[in-house]
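For the sequence shown, the residue numbers in the numbering used here are 550 to 927. Below is one structure, written out as structure tokens, with a few remarks after it.
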Amino acid sequence: MAARVFLLFTLGYFLSYFYRSANAVLAKDLSQELGLGPAELGFMTSLFYLAFASVQLPLGGLLDRLGPRTVTPALLLVAALGSLVFGLAHSFPVLALGRALIGVGMAAALMGSLKAFSLWFPKNYATVSTLLVGLGATGGLLAATPLALLKEALGWRGVFLLGAGVVVLVALALYLGVRNAPPGVAWPGGKEQGGLGEVLRNGRLLRVAFLGFAFTGGFLSLQTLWAGAYAYALGLEAVQVGNLLFLYSGLAVLGFLASGYLADRLGTARVLLASALLFALGLLLLLLKALVPAYALLGLFGAFNILTLTQARELVAAHLVGRGTTLVNLFGIGGTFLLQWGLGVAVGALGYGLAFGGLLALLLLALALYLPLLQRSG
Numbered sequence: 550m551a552a553r554v555f556l557l558f559t560l561g562y563f564l565s566y567f568y569r570s571a572n573a574v575l576a577k578d579l580s581q582e583l584g585l586g587p588a589e590l591g592f593m594t595s596l597f598y599l600a601f602a603s604v605q606l607p608l609g610g611l612l613d614r615l616g617p618r619t620v621t622p623a624l625l626l627v628a629a630l631g632s633l634v635f636g637l638a639h640s641f642p643v644l645a646l647g648r649a650l651i652g653v654g655m656a657a658a659l660m661g662s663l664k665a666f667s668l669w670f671p672k673n674y675a676t677v678s679t680l681l682v683g684l685g686a687t688g689g690l691l692a693a694t695p696l697a698l699l700k701e702a703l704g705w706r707g708v709f710l711l712g713a714g715v716v717v718l719v720a721l722a723l724y725l726g727v728r729n730a731p732p733g734v735a736w737p738g739g740k741e742q743g744g745l746g747e748v749l750r751n752g753r754l755l756r757v758a759f760l761g762f763a764f765t766g767g768f769l770s771l772q773t774l775w776a777g778a779y780a781y782a783l784g785l786e787a788v789q790v791g792n793l794l795f796l797y798s799g800l801a802v803l804g805f806l807a808s809g810y811l812a813d814r815l816g817t818a819r820v821l822l823a824s825a826l827l828f829a830l831g832l833l834l835l836l837l838k839a840l841v842p843a844y845a846l847l848g849l850f851g852a853f854n855i856l857t858l859t860q861a862r863e864l865v866a867a868h869l870v871g872r873g874t875t876l877v878n879l880f881g882i883g884g885t886f887l888l889q890w891g892l893g894v895a896v897g898a899l900g901y902g903l904a905f906g907g908l909l910a911l912l913l914l915a916l917a918l919y920l921p922l923l924q925r926s927g
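Below, the structure is given as structure tokens:
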């Protein structure tokens, strides 16, 4: 049963990663067929993250009270509806509605998994959680070259209509195939008391949250849209773009899997700082149009953004871990929404060079504010 719990929840997170990443390959088709400019494309794609972030706090209460076995499949059905709406859309508002519904529906894919794993795998929770993120991130690989080929065969609409059916099947498998807790382990009710104010007064945590805003937001806004749109703007064809995104997402999987191992041995703050600097180098290479090394660095070291959640757990008391990690996660997902949209506005007004240069400057500012944590941890 434990293996089935792990596999089914990982499959749900795999679908979440696929859907968040798909628009990078489909950017050209969506722009041409529906007449979307860069700002509209960025805003529509970023709605996944706005919707995702907007339900995080109430989602936590639902997971505590009802459990992931009910909440995660129920929200996946919302994602399936969103995929159907997106695939049938013939106008920007309907397309945006579909994207937002997908974001709401996928909001419990990771948090529901982590809630379940805390009871099913208490002794090796960190290892299993890192494995979940690494394997789930292979959804980004499916949303690269394979999606480009599938889109040529089915059309982008066919991809989303087929995807809706797949999401329904996974939702049913989760509801029928897992339990909230192992046999003999009582389901704990959600009885936590306040503490949000204490978290918000934690200056060190807020520095990590701001780094998550720039680092996680930059990594995901590139992976899930602008890395693909930029390659198209440079004149590459769909399969060439898919290959670059496959490199980005493939190395991201390795980055997710390696990040926890390195942080345990070298210290979370040191590894987080070094990886963010190497991600910044990737942004610089992107500006110089050195695409292969740029996408490799952005994917491999951008994945280390997950350590912002690890460090959040280290900076708060045990009874505030949930609120601390949720706060940092909200900054990361909110940053993805704002940066993905903002990059679209900047690209339309100023071009890719200044837009990506602004993202690089934001990351360097966040790192400058983060440095005191490195000194305290050293």
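All C-beta atoms in this analysis are idealised placements derived from N, C-alpha and C, irrespective of residue type, glycine included. From a predicted model like this one, the values you see are computed outputs, not experimental measurements.
Start and end residues, alpha helix (DSSP H) containing residue i
{"i": "L660", "result": "The amino acid occupying residue 660 in the given sequence is Met; Leu does not appear at that position. Run containing M660: A657 to W669, per the alpha helix (DSSP H) assignment."}
{"i": "K577", "result": "A551 to L583"}
{"i": "V708", "result": "T694 to G726"}
{"i": "T773", "result": "Element bounds for T773: n/a, residue is neither H nor E."}
{"i": "A628", "result": "P617 to L637"}
{"i": "L783", "result": "No alpha helix (DSSP H) contains L783, which DSSP labels as neither H nor E."}
Closest Cα partner of residue i within the set the options
{"i": "K577", "options": "K700, V554 and F635", "result": "K700"}
{"i": "R862", "options": "L827, A818, L888 and W890", "result": "A818"}
{"i": "L599", "options": "G884, A763, G689 and G809", "result": "G884"}
{"i": "L691", "options": "V894, L560 and L903", "result": "L560"}
{"i": "L749", "options": "S632, F880 and Q889", "result": "F880"}
{"i": "R753", "options": "L922, A573, F768 and A552", "result": "L922"}
{"i": "F555", "options": "L624, N792, G761 and A722", "result": "A722"}
{"i": "A915", "options": "F759, F635, L811 and L834", "result": "F759"}
{"i": "Y797", "options": "Y810, L821, S770 and A812", "result": "S770"}
{"i": "G584", "options": "H639, Q605, A629 and L606", "result": "H639"}
{"i": "V896", "options": "A658, S662, F592 and R569", "result": "F592"}
{"i": "V894", "options": "M660, K664 and W775", "result": "W775"}
{"i": "L849", "options": "V574, F709, A693 and Q772", "result": "Q772"}
Backbone CA spacing between residue i and residue j [nearest angstrom]
{"i": "I651", "j": "Y562", "result": "13 Å"}
{"i": "T857", "j": "V757", "result": "6 Å"}
{"i": "L913", "j": "G851", "result": "14 Å"}
{"i": "L755", "j": "L626", "result": "34 Å"}
{"i": "L928", "j": "N673", "result": "In the structure displayed, the chain extends from 550 to 927; residue 928 sits before or after that span and is not available."}
{"i": "S667", "j": "T859", "result": "15 Å"}
{"i": "N878", "j": "G761", "result": "8 Å"}
{"i": "A735", "j": "D613", "result": "13 Å"}
{"i": "L785", "j": "L644", "result": "25 Å"}
{"i": "F905", "j": "L794", "result": "17 Å"}
{"i": "L864", "j": "I855", "result": "15 Å"}
{"i": "L783", "j": "A807", "result": "32 Å"}
{"i": "A843", "j": "F828", "result": "9 Å"}
{"i": "L846", "j": "A720", "result": "35 Å"}
{"i": "L803", "j": "G726", "result": "29 Å"}
{"i": "L908", "j": "A665", "result": "35 Å"}
Check: residue i C-beta below 7 Å from any heavy atom of the ligand COA
{"i": "L699", "result": "Of ligands this structure carries none, so the ligand COA is not represented either."}
If we require 4 or more residues per run, which alpha helix (DSSP H) segments fall completely within the stretch 796-879?
Listed in chain order, they are 817-836, 840-851 and 856-864.
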